[in-house]
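The sequence shown begins at 40 in my numbering and counts up by one. Ideal Cβ positions, reconstructed from N, Cα and C, are used throughout, including at glycine. Reading through the structure tokens given below for one structure.
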Amino acid sequence: MSAPLVKLFTQPNFAWTDIRREEEAHPRHYLAHLLLLALIPPVCLFFGTTYVGWSLAAGETVRLSTASALQLSILLYVTIVAGVAVIGGFIRWMSRTFDARPTLNQCIGFAAYTVTPFFVAGIAGLYPSRWLAILVLGAASVYSTFLLFVGLPTFMHERREQGLLYSACVWGVGLLVMVTILLSMILLWFNVLSPEYLRTTVG
């Protein structure tokens, strides 16, 4: 695990300074972070839905076929990467309203590091459970919001007051993009690819 990644959870203020320095020195430094950590949710969900499964009724376990789980995992991975890129694009577009003049790569990099808690939360996919998902995703949402509001003024070299307004705009757009793209992915998977469920009855 890289030092900036550890600092995001232990010393977020210092982490953003280090990340900005790395992004200025190496414009696509974020790619390894994004492409590798984005694998956590789909890979964990693949194993969770094919080997562990979930229960909708007492004594019954539901799993996905390997092919359906693979389709879901690939779609989720593409959705995550594309979603981060789109949010980065909006961050770059909104920067025109403020004093910041970041590059597109810096904006995508900022988005990639801000959603890191969601990548880590993907580990919960190993055990598919509605309540566990709500708890873990809720915690990830709170910490990602914290990283956004703490990190954007530092990363973009903004004054604190202006940085908070910028952060609020990014939060709203990010939420809209995330909901829209995830809903589109689920509808595509459910209605076009037709997932195959395997049910096992115990007793």
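Assign V45 to buried or exposed, taking buried as 16 or more other Cβ atoms, counted over all protein chains shown, within 10 Å of its Cβ.
V45 is exposed by the Cβ-count criterion.
What are the start and end residues of the alpha helix (DSSP H) that includes T118?
Per DSSP, T118 belongs to the alpha helix (DSSP H) from 105 to 133.
Below 8 Å, how does it come out for the region 181 to 199 and the region 107 to 123: are there three or more Cβ pairs, yes or no?
No: the two stretches stay apart, fewer than three of their Cβ pairs being nearer than 8 Å.
From P156 to T193, what distance separates their C-alpha atoms?
Rounded to the nearest angstrom, the gap between the Cα atoms of P156 and T193 is 19 Å.
Buried or exposed: G177, going by 16 or more other Cβ atoms within 10 Å of its Cβ?
It counts as exposed.
Out of P167, V216, V209, which has the shortest C-alpha to C-alpha gap to L103?
The closest CA to that of L103, considering only P167, V216, V209, is found on P167.
For the region 138 to 210, which segments carrying the alpha helix (DSSP H) assignment without a break, of at least 4 residues, lie completely within its bounds, in sequence order?
As far as the region 138 to 210 is concerned, its whole alpha helix (DSSP H) runs of at least 4 residues are 143 to 153, 155 to 160, 169 to 194.
Measure the beta-carbon distance from A139 to M195 and round it to whole angstroms, keeping in mind my assumption that it falls under 8 Å.
Yes, they are in contact, since the Cβ atoms of A139 and M195 sit about 4 Å apart, within 8 Å.
Is it buried or exposed for S107, if we count other Cβ within 10 angstroms and need 16 for buried?
Around the beta carbon of S107, a 10 Å sphere encloses 16 or more other beta carbons of the protein chains shown; the residue is thus reported as buried.
Residues in its own chain within less than 6 Å of F277 by CB, not counting five upstream and five downstream?
This structure does not reach residue 277, given that the chain is present from 40 up to 242, and the question cannot be answered.
Roughly how many angstroms separate the alpha carbons of H65 and S183, rounded to a whole number?
Across the structure, H65 and S183 are spaced so that their CA atoms are roughly 24 Å apart.
Return the bridge partner residues of T240 from the DSSP annotation.
Looking at the DSSP assignment, T240 forms a beta bridge with E99.
For S180, the nearest candidate out of P141, F53, S233, V159 (CA to CA):
Closest by alpha carbon: V159.
Would you mind working out which of L111, V209, I147, W170 sits nearest G127, comparing C-alpha positions?
Minimum Cα distance to G127 is reached at I147.
L143 to G202, Cα distance in whole Å?
In a straight line, the C-alpha of L143 is about 18 Å away from that of G202.
Of the listed residues E235, T239, L174, nearest to Q110 (C-alpha basis):
Just measuring C-alpha positions, the residue of E235, T239, L174 sitting nearest Q110 is E235.
Name the residue from R67, F129, S223 whose alpha carbon lies nearest to the alpha carbon of G211.
Put simply, of R67, F129, S223 the residue whose alpha carbon is nearest the alpha carbon of G211 is F129.
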